[in-house]
Amino acid sequence: MSETGPPRGRFSSTLIIMVIVALALSIAAFFFAADAYGNQDPIQGSYFMMIGIMGLTLLTYLMFQTRRKTLRMPIQLPRVATTILCQKCGFKNIREFQRGDYILKEGEECPKCNEQMIIASIYREVKEKKGEKELS
Amino acid sequence: MVWLLFIVATFIYGQSIQRILMLREVQGSLFRLKFMRDTGRKTAISTLKELGGQEADPTSRVDRFLEYIAIPPVDLDPSGVIWRLEHVLDVRDVRFKDEVKLMAPGVDETQTNNMENMLEAALALNIIYKVIRHFFVLGKKTKSLYIIMQLQMLLPLIMREAEAFSNALQAFKDGQPIGDGAGALVAAKLMHGHKTRKIAKDIVMAKVPIEGRTAYVLKAEGPGGNVGKPGEAIKQIIEENKGKIATAIIVDAAQKLEGEKPGEVAEGVGVAIGGPQVEKYKVEETVRKYKIPVNIVLIKEDIGDAVSSLRREIFEAADAVIDRIKRLILERTKEGDAIIIAGIGNTIGIGQ
């Protein structure tokens, strides 16, 4: 079960202007680069090409820097399991947590030996991320 | 030429660009905090409506609760500050419980405690959101890069804490055991099947024979969300036994360092009782008076685990802690001695 995050904020007008300027300059640089290559001037062409790539990199950075954080963190509701145990015969029943469950609560009768069972555990399983596991 | 101008402009307005980018980042987190705060508020209202089953809408009371402030006592003259702080905390606790009873009349003690915990988590989310918003607006108004920079640097840690409180809401709503209850879980396992009696506010105690010694095992009264007054209880047991206690063993959850595994067990000495230090002070004073050694067994977990539903590793650590307690008893006490075993922490979702 998970809930989605808040609606993401729109870009500010200053940022949009910066992105448009960087995009326009990059396109212009690519146009000049193509023109220079056409005129058999590979050195100038390479300069313009480099400037164009720098511009594109800058605007990509601007876009991602501002959006990245909000895209990440959805609220995850963990799955919690309740284990009901018969202390006499060891019969176990694992089910999803229900409101009103608590550890050491006396539960229903054991289907095998009719002894009163107790809630032996309530916990959630967490899958560790690969990097965390390697370091610990 | 245009490119040259662009590069010069970047040099001149570099700090402003950086400020805009940082503000955008903080704003993103602020949206997220607002979402968490609103979800907390909605969860509190819907749960109170569901449990209270009343016609009246608890919304206005919840909104009032979310703005609740408790002012700590003056510490310019530190003499007696602990008792004054205890009084403020007691009044706060009674006021919170009364508020819950007014919002959802007819709910039992367990549900009242759980609801109180849930509202406190919602209150914490509201405070975090408001403080971050304050510095965000202040940074924007003053255009101070340094205010914004500090905020942006601290945000990952603040967000982790807010996420933890957000997850805690669900646990408190449903009455699930949480990581902070690891100490209470150990005590519950030790006292299960033995006669219990109430010894201090919200604290139960059972006399349990362990390895030929008499252990006074205590924990907060469950299964409602409670921490009780364990310091008061330890003090009372020591005084009832006229100080003839061979050792006190305190079991509690402790904040782990990054890289440590959750559920790792550590031992030591000292009084491991968290919170506003009132209970810790009472134990320190009493054990010093009677020269009683205090041992601690700690279960490591991070802030997220402490207030979220109990994770498997922490649950399983309880058995390892019991083994350590038995070993400690054998090593540090003689047969026939009286000892205290205190399971500290919020006992939500844990009976006895």
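Those protein sequence lines, which keep their order, are chains X and L. For the first sequence, this note's numbering assigns the number 1 to the initial residue and increments by one for each residue that follows. For the second sequence, this note's numbering assigns the number 1001 to the initial residue and increments by one for each residue that follows. Just so you know, even glycine gets a beta-carbon here, dropped at the ideal spot from N, CA and C.
Helix, strand or coil at residue i according to DSSP, with G and I counted as helix
{"i": "X:Leu71", "result": "For X:Leu71, the predicted model reports a pLDDT of 48, less than 50, meaning its position is unreliable; a value from the coordinates is still stated below. Of the three classes helix, strand and coil, the one that applies to X:Leu71 here is helix, per DSSP."}
{"i": "L:Leu1023", "result": "helix"}
{"i": "L:Tyr1129", "result": "helix"}
{"i": "L:Gly1351", "result": "coil"}
{"i": "L:Ser967", "result": "Summary: the structure shown does not reach residue 967 of chain L, with chain L confined to residues 1001 through 1352, and so no result is reported for it."}
{"i": "X:Ile103", "result": "strand"}
{"i": "L:Ala1272", "result": "coil"}
{"i": "L:Ala1070", "result": "coil"}
{"i": "L:Asn1117", "result": "helix"}
{"i": "L:Gly1225", "result": "coil"}
{"i": "L:Asn1346", "result": "coil"}
{"i": "X:Pro42", "result": "helix"}
{"i": "L:Gln1111", "result": "helix"}
{"i": "L:Lys1261", "result": "coil"}
{"i": "X:Lys127", "result": "coil"}
{"i": "L:Asp1075", "result": "coil"}
{"i": "X:Gln87", "result": "coil"}
{"i": "L:Thr1333", "result": "coil"}
{"i": "X:Glu3", "result": "Since pLDDT at X:Glu3 reaches only 48, below the 50 mark, its modelled position is unreliable, and the value read off the structure follows with that caveat. In the structure shown, X:Glu3 sits in a strand (DSSP, three-state: E or B)."}
{"i": "L:Gly1053", "result": "coil"}
{"i": "L:Gly1139", "result": "helix"}
{"i": "L:Gly1040", "result": "helix"}
{"i": "X:Tyr37", "result": "helix"}
{"i": "L:Lys1244", "result": "coil"}
Residue i: first and last residue of the uninterrupted beta strand (DSSP E) it sits in
{"i": "L:Ile1250", "result": "Thr1247 to Gln1255"}
{"i": "X:Glu108", "result": "Glu106 to Glu109"}
{"i": "L:Lys1300", "result": "Val1294 to Glu1301"}
{"i": "L:Glu953", "result": "Nothing can be reported for residue 953 of chain L: it is not among the residues displayed for chain L, which extend from 1001 to 1352."}
{"i": "L:Tyr977", "result": "There is simply no residue 977 of chain L to check, as chain L begins at 1001 and stops at 1352 in what is shown."}
{"i": "X:Ile118", "result": "Gln116 to Arg124"}
Opening and closing residue of the alpha helix (DSSP H) in which residue i lies
{"i": "L:Pro1156", "result": "Leu1145 to Asp1174"}
{"i": "L:Lys1097", "result": "Val1081 to Met1103"}
{"i": "L:Phe1065", "result": "Thr1059 to Phe1065"}
{"i": "L:Gln1236", "result": "Pro1230 to Glu1240"}
Contact check, residue i vs residue j, beta carbons under 9 Å
{"i": "L:Ile1148", "j": "L:Met1022", "result": "yes"}
{"i": "X:Arg95", "j": "X:Arg124", "result": "no"}
{"i": "L:Met1103", "j": "L:Gly1053", "result": "no"}
{"i": "L:Leu1125", "j": "L:Gly1040", "result": "yes"}
{"i": "L:Thr1142", "j": "L:Ala1220", "result": "no"}
{"i": "L:Gly1175", "j": "L:Gly1349", "result": "yes"}
{"i": "L:Val1217", "j": "L:Ala1206", "result": "yes"}
{"i": "L:Ile1237", "j": "L:Ile1340", "result": "yes"}
{"i": "L:Ala1320", "j": "L:Ile1234", "result": "no"}
{"i": "L:Pro1177", "j": "X:Ile103", "result": "yes"}
{"i": "L:Thr1110", "j": "L:Gly1224", "result": "yes"}
{"i": "L:Glu1232", "j": "L:Met1036", "result": "no"}
{"i": "L:Glu1264", "j": "L:Lys1242", "result": "no"}
{"i": "X:Leu15", "j": "X:Leu62", "result": "yes"}
{"i": "X:Ser26", "j": "X:Gly52", "result": "yes"}
{"i": "L:Lys1244", "j": "L:Ala1121", "result": "no"}
{"i": "L:Tyr1129", "j": "L:Leu1048", "result": "no"}
{"i": "L:His1027", "j": "L:Leu1145", "result": "The sequence shown places Gln at residue 1027 of chain L, rather than the His named in the question. Going by C-beta atoms, L:Gln1027 is not nearer than 9 Å to L:Leu1145."}
{"i": "L:Arg1308", "j": "X:Ile122", "result": "Residue 1308 of chain L is actually Ser in this sequence, not Arg. Going by C-beta atoms, L:Ser1308 is not nearer than 9 Å to X:Ile122."}
Residue i Cβ short of 8 Å to the ligand FAD heavy atom set
{"i": "L:Leu1004", "result": "Ligands are entirely absent from the displayed structure, and the ligand FAD is therefore not among its contents."}
In DSSP terms, what residue i is bridged to
{"i": "X:Glu96", "result": "X:Ala81"}
{"i": "L:Ala1215", "result": "L:Val1208 and L:Ile1339"}
{"i": "L:Thr1196", "result": "L:Ala1206"}
{"i": "L:Ile1178", "result": "L:Ser1309"}
{"i": "L:Ala1220", "result": "L:Ile1203"}
Cutoff 9 Å: residue i Cβ touching any chain C Cβ
{"i": "L:Arg1197", "result": "Going by chain labels, chain C is absent from the structure shown, which instead holds the protein chains X and L."}
Does the region 1183 to 1200 of chain L touch the region 1046 to 1061 of chain L, meaning 3 or more C-beta pairs lie closer than 8 Å?
Flag = no, the region 1046 to 1061 of chain L and the region 1183 to 1200 of chain L do not touch.
Okay, do the region 1319 to 1339 of chain L and the region 1166 to 1180 of chain L touch, 3+ Cβ pairs below 8 Å being the bar?
Short answer: they don't touch.
Cβ contact (3+ pairs, closer than 8 Å) linking the region 1144 to 1162 of chain L and the region 1282 to 1297 of chain L
Touching, no.
Quick check: the region 1295 to 1309 of chain L against the region 1261 to 1278 of chain L, are there 3 or more CB pairs under 8 Å?
Contact between the region 1295 to 1309 of chain L and the region 1261 to 1278 of chain L is present: three or more C-beta pairs spanning the two stretches fall below 8 Å.
Do the region 1135 to 1145 of chain L and the region 1079 to 1095 of chain L meet, that is, are 3 or more Cβ pairs less than 8 Å apart?
Between the region 1135 to 1145 of chain L and the region 1079 to 1095 of chain L, the count of C-beta pairs closer than 8 Å stays below three; the two stretches do not touch.
Can you find at least 3 beta carbon pairs, one from the region 26 to 33 of chain X and one from the region 41 to 48 of chain X, that sit closer than 8 Å?
As far as the Cβ criterion goes, the region 26 to 33 of chain X touches the region 41 to 48 of chain X, which means the pair count is three or higher.
Does the region 1244 to 1261 of chain L come close enough to the region 1174 to 1185 of chain L to have 3 or more Cβ pairs within less than 8 Å?
Result yes; three or more Cβ-Cβ pairs closer than 8 Å.
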